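2 protein chains.
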Amino acid sequence: MVKKMTMREVAKLANVSQPTVSRVINGNKDVSEEIVKRVMQVIEEVGFVPNKTAQTLKRNQSKLIGICVTEIYNPYFVELIDHLESEAKKRGYNIILHNSKHNSILEWENIQNFMARQIDGFLLVPTGEYNLPRISKLPIPSVVITQTIKGFDSVGLNHLKAGRLVAEQFMRAGHNTFGYIGIDADDKFRGFENTLYENQIHFNSDNFIAVPDGENSNLLIRKAIEGYLEQNNEFQFSCVFASNDVMALEFMKIAQERGIRIPEDISLIGFDDTYLAKVMGISSIHQPIEEMITTTLTLLINRIEQEVASETVSIQLEPTLIERSSSRHRRT
Amino acid sequence: MVKKMTMREVAKLANVSQPTVSRVINGNKDVSEEIVKRVMQVIEEVGFVPNKTAQTLKRNQSKLIGICVTEIYNPYFVELIDHLESEAKKRGYNIILHNSKHNSILEWENIQNFMARQIDGFLLVPTGEYNLPRISKLPIPSVVITQTIKGFDSVGLNHLKAGRLVAEQFMRAGHNTFGYIGIDADDKFRGFENTLYENQIHFNSDNFIAVPDGENSNLLIRKAIEGYLEQNNEFQFSCVFASNDVMALEFMKIAQERGIRIPEDISLIGFDDTYLAKVMGISSIHQPIEEMITTTLTLLINRIEQEVASETVSIQLEPTLIERSSSRHRRT
DNA sequence: CTGTTAGCGCTTTCAT
DNA sequence: ATGAAAGCGCTAACAG
Numbered sequence: 001m002v003k004k005m006t007m008r009e010v011a012k013l014a015n016v017s018q019p020t021v022s023r024v025i026n027g028n029k030d031v032s033e034e035i036v037k038r039v040m041q042v043i044e045e046v047g048f049v050p051n052k053t054a055q056t057l058k059r060n061q062s063k064l065i066g067i068c069v070t071e072i073y074n075p076y077f078v079e080l081i082d083h084l085e086s087e088a089k090k091r092g093y094n095i096i097l098h099n100s101k102h103n104s105i106l107e108w109e110n111i112q113n114f115m116a117r118q119i120d121g122f123l124l125v126p127t128g129e130y131n132l133p134r135i136s137k138l139p140i141p142s143v144v145i146t147q148t149i150k151g152f153d154s155v156g157l158n159h160l161k162a163g164r165l166v167a168e169q170f171m172r173a174g175h176n177t178f179g180y181i182g183i184d185a186d187d188k189f190r191g192f193e194n195t196l197y198e199n200q201i202h203f204n205s206d207n208f209i210a211v212p213d214g215e216n217s218n219l220l221i222r223k224a225i226e227g228y229l230e231q232n233n234e235f236q237f238s239c240v241f242a243s244n245d246v247m248a249l250e251f252m253k254i255a256q257e258r259g260i261r262i263p264e265d266i267s268l269i270g271f272d273d274t275y276l277a278k279v280m281g282i283s284s285i286h287q288p289i290e291e292m293i294t295t296t297l298t299l300l301i302n303r304i305e306q307e308v309a310s311e312t313v314s315i316q317l318e319p320t321l322i323e324r325s326s327s328r329h330r331r332t
Numbered sequence: 001m002v003k004k005m006t007m008r009e010v011a012k013l014a015n016v017s018q019p020t021v022s023r024v025i026n027g028n029k030d031v032s033e034e035i036v037k038r039v040m041q042v043i044e045e046v047g048f049v050p051n052k053t054a055q056t057l058k059r060n061q062s063k064l065i066g067i068c069v070t071e072i073y074n075p076y077f078v079e080l081i082d083h084l085e086s087e088a089k090k091r092g093y094n095i096i097l098h099n100s101k102h103n104s105i106l107e108w109e110n111i112q113n114f115m116a117r118q119i120d121g122f123l124l125v126p127t128g129e130y131n132l133p134r135i136s137k138l139p140i141p142s143v144v145i146t147q148t149i150k151g152f153d154s155v156g157l158n159h160l161k162a163g164r165l166v167a168e169q170f171m172r173a174g175h176n177t178f179g180y181i182g183i184d185a186d187d188k189f190r191g192f193e194n195t196l197y198e199n200q201i202h203f204n205s206d207n208f209i210a211v212p213d214g215e216n217s218n219l220l221i222r223k224a225i226e227g228y229l230e231q232n233n234e235f236q237f238s239c240v241f242a243s244n245d246v247m248a249l250e251f252m253k254i255a256q257e258r259g260i261r262i263p264e265d266i267s268l269i270g271f272d273d274t275y276l277a278k279v280m281g282i283s284s285i286h287q288p289i290e291e292m293i294t295t296t297l298t299l300l301i302n303r304i305e306q307e308v309a310s311e312t313v314s315i316q317l318e319p320t321l322i323e324r325s326s327s328r329h330r331r332t
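Quick note, the sequences are listed as chains A and B, same order.
Numbering follows UniProt numbering, in which position 261 of the first sequence is assigned residue number 261; successive positions increment by one, without gaps.
Numbering follows UniProt numbering, in which position 134 of the second sequence is assigned residue number 134; successive positions increment by one, without gaps.
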């Protein structure tokens, strides 16, 4: 094929009308065997591929799903995108990926682009609240992923439960001073803190190492941890929960540099169970990514195909704790 | 906007003809200020976004570039995709990502899909030779990336030079027994071996740890390295070059488990300079990814827009060695 | 069963 | 400076 073929040209070569070619391609059964064979042969020979752009225009559906993430660097999102790509393909959809880089302006541009490209629906890891009002006015459905936002369809993790799992594990191992590394006091922290509280343990807020929001940067994380050390001279806890694996790893490295043994001196549990955690032997909260993707896609595709505007649904999946060497140590 | 708007409806609201709206949107200057303002206002109000699908059909160009990689898990490809997305956007193109999973059948399906979606051109990390003949017959341009294949436009790395850099560094540090971990005797190995040879050092092929081709799996890598140890009891080299960072990291972990110190007992250099290497302090060959992307895109977009079928060009970029702690040790 | 016709939303002559 | 008309490649309604 040296030039792009169209149905019209295929039709000419097969001595049939152009709509007949369309019927053959779409498996319409009211076509004689004879003609089907003739047309298929020509298609094969010239390597014809139907123009989805024209189909989209005519059918008013593109079989395209958008996904807009806040960063692409996070191994967690990579896993997400990878699964999404395969799963969507299985269901006859392609995906188009955009990165908002934690920037709401860019996020909106991305969504406009989605609209322009006639996607049928999209998945969103929101940068914040900024665009939510206009997103809810869009004429196509979307599902928020990894977070729960009221008024939106969403599939996320039970973060409270995740925090609880970690706290329980630490308590079971005999710890009584606790640390936390994260962006702010979100649900996973609250689950952690509440569980301690229910067991008459007060979480000392000095041991909350706050990392600035935004792109996950090793440098920023390191600064935050070193900032803590300047204030406190040494870590005032025997176990620490990091709100993602990147932070957990950075903590581990700083500990190693200072001769602090993990888990003997400090136990560590991360979050997301990315391959960073697997590779480095860091215990971590596992999110059921595959289940998340299938659930999300099912929800979104239902919205696309049923076009019913029923109540928004918000699904929370259950986290599990994957224990590795970084927390396999019992305090005495 | 509760329904998708079209130019026709915008036109009606602005009391002009539909082609006039098109002119306004495309910045045609033969439109009176007055009307431009009126139309823009309506567009703003109703949140109209032009339908790129219809534009594609009419203009016969989609402003879409495909990229098909062999795996998405490799941090190197993640970096590649990330840069590509931003850089393409700067030049007015969107990207559509596919994963061939090292499978030639899937690769061809992906390319067919590209064609169906009317992409203007694509970048390819080939799974092998299988599809190359038909790819060269396609009516749209493509550029092979990370490899050099004759008869194709390609942008890759000077792998011979990379191997040479590593060998030179090891020799300079006083090593005289050498190891290699990789898939097969590719250019980067040849550069390594040749450089040793030129210095009267024979590379002992027993010290070639061969990892099976395919998806980068930590498990397969580990098996290969452990297989070596079963044969040889211990590592018969004081320095080792791993053909990517994932392999380097796996080597490092196995070494650690066995009390082998890096770099004191064995120096290690990886390849790709991914954040795995950065985070773990592994010396690594850096590929200039940004330069690679800009070069590749420039080449591809030239092909797309000039539509001249001149000689294929093949560009090799220069690697650099980033030295980190895993090789900072001088033999005495 | 198969062909004819119309039209998806846009751009692009061609008139005026 | 603006509108009318044609057509990109396809699907779908309608004839026959």
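Heads up, the beta-carbon is just placed ideally off N, CA and C, and yes, glycines get one too.
Values in this document were obtained by computation on a predicted structure and should not be read as measured data.
Please go through the region 114-201 of chain B and give each complete beta strand (DSSP E) segment of 3 or more residues, from N-terminal end onward. 121-124, 142-145, 154-157 and 178-182
Please go through the UniProt domain "HTH lacI-type" (5-59) of chain B and give each complete alpha helix (DSSP H) segment of 4 or more residues, from N-terminal end onward. 7-14, 18-25, 33-46 and 52-59
For E44/B, go through chain A and note every residue whose CB falls closer than 9 Å to its CB, in chain order. On the second sequence, position 44 is the one that residue 44/B refers to. Ordered by position in chain A, no residue passes the 9 Å Cβ test against E44/B, which lies about 13 Å from the chain.
Check the Cβ of D82/B against every Cβ in chain A and list those closer than 8 Å, keeping chain order. Taking the first residue of the second sequence as 1, we reach residue 82/B at position 82. In chain order: I72, Y73 and N99.
Taking 7 Å as the threshold (beta carbon to beta carbon), is V69/B in contact with chain A? Residue numbering aside, residue 69/B sits at position 69 when the second sequence is read from its first letter. No, V69/B does not count as interfacial toward chain A.
Tell me which same chain residues have a C-beta within less than 7 Å of the C-beta of E63/A, skipping the five on either side of it? For the purposes of this step, residue 63/A is taken as the residue at position 63 of the first sequence. According to the sequence as given, residue 63/A is Lys; it is not Glu. G92, Y93, N94 and D120.
Could you give the first and the last residue of the continuous alpha helix (DSSP H) run that contains H83/B? As a position in the second sequence, residue 83/B is number 83, starting the count at 1. Residues P75 to K90.
Strictly under 7 Å for the Cβ-Cβ distance: is M7/A near chain B by that measure? Position 7 of the first sequence, counted from the first residue, corresponds to residue 7/A. Cβ-Cβ to chain B under 7 Å: no for M7/A.
Let me know the secondary structure DSSP gives N302/A once reduced to three states. As a first step, residue 302/A must be located in the first sequence, where it is residue number 302. N302/A: helix per DSSP, three-state reduction.
What are the start and end residues of the alpha helix (DSSP H) that includes G227/B? Stepping through the second sequence from its first residue, residue 227/B is reached at position 227. Note, G227/B: alpha helix (DSSP H), N218 to N232.
Taking C-beta pairs closer than 9 Å, name the residues in chain A that E85/B reaches, listed in chain order. On the second sequence, position 85 is the one that residue 85/B refers to. The contacting residues are I72, L97, H98 and N99.
Secondary structure at I65/B, three-state DSSP: helix, strand or coil? Taking the first residue of the second sequence as 1, we reach residue 65/B at position 65. In this structure, I65/B counts as strand in the three-state DSSP scheme.
Taking the C-alpha atoms as reference points, what is the distance between F114/A and N26/B? On the first sequence, position 114 is the one that residue 114/A refers to. On the second sequence, position 26 is the one that residue 26/B refers to. Their Cα atoms are separated by approximately 19 Å.
Per-residue contacts from M171/B into chain A (C-beta, under 8 Å): As a first step, residue 171/B is located in the second sequence; it is residue number 171 there, counting from the start. Chain A residues near M171/B: none, gap ~30 Å exceeds 8 Å.
Starting from M279/B and walking both ways along the alpha helix (DSSP H), at which residues does that stretch end? In the second sequence, counting from the first residue as 1, residue 279/B sits at position 279. In the sequence on display, residue 279/B carries Val and not Met. V279/B -> alpha helix (DSSP H) spans Y275 to M280.
Looking at C-alpha atoms only, which residue of N216/B, L300/B and Q236/B is the closest neighbour of S205/B? Looking up residue 205/B in the second sequence gives position 205. For S205/B, the nearest C-alpha among the options comes from Q236/B.
Three-way DSSP call (helix, strand, coil) for T70/B in this model: On the second sequence, position 70 is the one that residue 70/B refers to. Correct three-state label for T70/B: coil.
What residues are listed by DSSP as bridge partners for T320/B? Your numbering for residue 320/B matches position 320 in the second sequence. DSSP output for T320/B lists H286/B as bridge partner(s).
Quick check on L229/A: buried or exposed, where buried means 16 or more other Cβ atoms within 10 Å of its Cβ? Taking the first sequence and counting its residues from 1, the one referred to as residue 229/A is at position 229. Its Cβ having fewer than 16 others within 10 Å, L229/A is exposed.
Work out the CA separation of K37/A and I111/A for me, nearest whole Å. Taking the first residue of the first sequence as 1, we reach residue 111/A at position 111. Taking the first residue of the first sequence as 1, we reach residue 37/A at position 37. In a straight line, the C-alpha of I111/A is about 43 Å away from that of K37/A.
Collapsed DSSP secondary structure at A242/B in the structure displayed: For the purposes of this step, residue 242/B is taken as the residue at position 242 of the second sequence. Strand at A242/B.
Using beta-carbon positions only, say whether H329/B and S267/B come within less than 7 Å of one another. Start at 1 with the first residue of the second sequence, and residue 329/B comes out as number 329. Start at 1 with the first residue of the second sequence, and residue 267/B comes out as number 267. Closer than 7 Å, so yes.
Taking 8 Å as the threshold, find out whether the region 153-169 of chain A comes into contact with the region 309-317 of chain A through three or more Cβ pairs. yes
With DSSP run on the structure shown, which of helix, strand or coil describes D265/A? In the first sequence, counting from the first residue as 1, residue 265/A sits at position 265. If DSSP states are grouped into helix, strand and coil, D265/A belongs with coil.
Does DSSP put I96/B in a helix, a strand or coil? Within the second sequence, the letter at position 96 stands for residue 96/B. It is a strand residue.
According to DSSP, is F251/A helix, strand or coil? For the purposes of this step, residue 251/A is taken as residue 251 along the first sequence, with counting starting at 1. F251/A falls in the helix class under three-state DSSP.
Flag this pair as yes or no: are the beta carbons of V211/B and I201/B separated by less than 7 Å? Working through the second sequence from its first residue, we reach residue 211/B at position 211. Working through the second sequence from its first residue, we reach residue 201/B at position 201. Not a contact, by the Cβ cut-off of 7 Å.
Which residues does DSSP pair with D213/B in a beta bridge? Here the question's residue 213/B lines up with position 213 in the second sequence. According to DSSP, D213/B bridges with nothing at all.
Report yes or no: is there a C-beta of chain A within less than 7 Å of the C-beta of M115/B? Position 115 of the second sequence, counted from the first residue, corresponds to residue 115/B. True, the Cβ-Cβ gap to chain A drops below 7 Å.
Is I301/A buried or exposed, if buried means 16 or more other CB atoms sit within 10 Å of its CB? As a working mapping, residue 301/A is identified with position 301 in the first sequence. Burial call: buried.
Beta bridge counterpart(s) of D272/A as assigned by DSSP: As a working note, residue 272/A is residue 272 in the first sequence. Bridge partners of D272/A: H286/A.
Can you tell which of E226/A, M247/A and E79/A has its C-alpha closest to the C-alpha of Y275/A? What you label residue 275/A is simply residue 275 of the first sequence in a count that begins at 1. Out of E226/A, M247/A and E79/A, E79/A has the C-alpha closest to the C-alpha of Y275/A.
In chain order, what residues of the same chain lie with their CB nearer than 7 Å to the CB of T320/A, ignoring the 5 residues before and after it? For the purposes of this step, residue 320/A is taken as residue 320 along the first sequence, with counting starting at 1. The residues are H286.
Classify I315/B as helix, strand or coil using the three-state DSSP reduction. Within the second sequence, the letter at position 315 stands for residue 315/B. Of the three classes helix, strand and coil, the one that applies to I315/B here is strand, per DSSP.
With C-beta atoms as the reference, is V21/B less than 7 Å away from V31/B? Counting from one through the second sequence, the residue named residue 21/B turns up at place 21. Counting from one through the second sequence, the residue named residue 31/B turns up at place 31. It is not a contact, given that the beta carbons lie outside the stated cut-off.
Taking Cβ to Cβ, would you say I72/B is nearer than 7 Å to N99/B? Working through the second sequence from its first residue, we reach residue 72/B at position 72. Working through the second sequence from its first residue, we reach residue 99/B at position 99. Yes.
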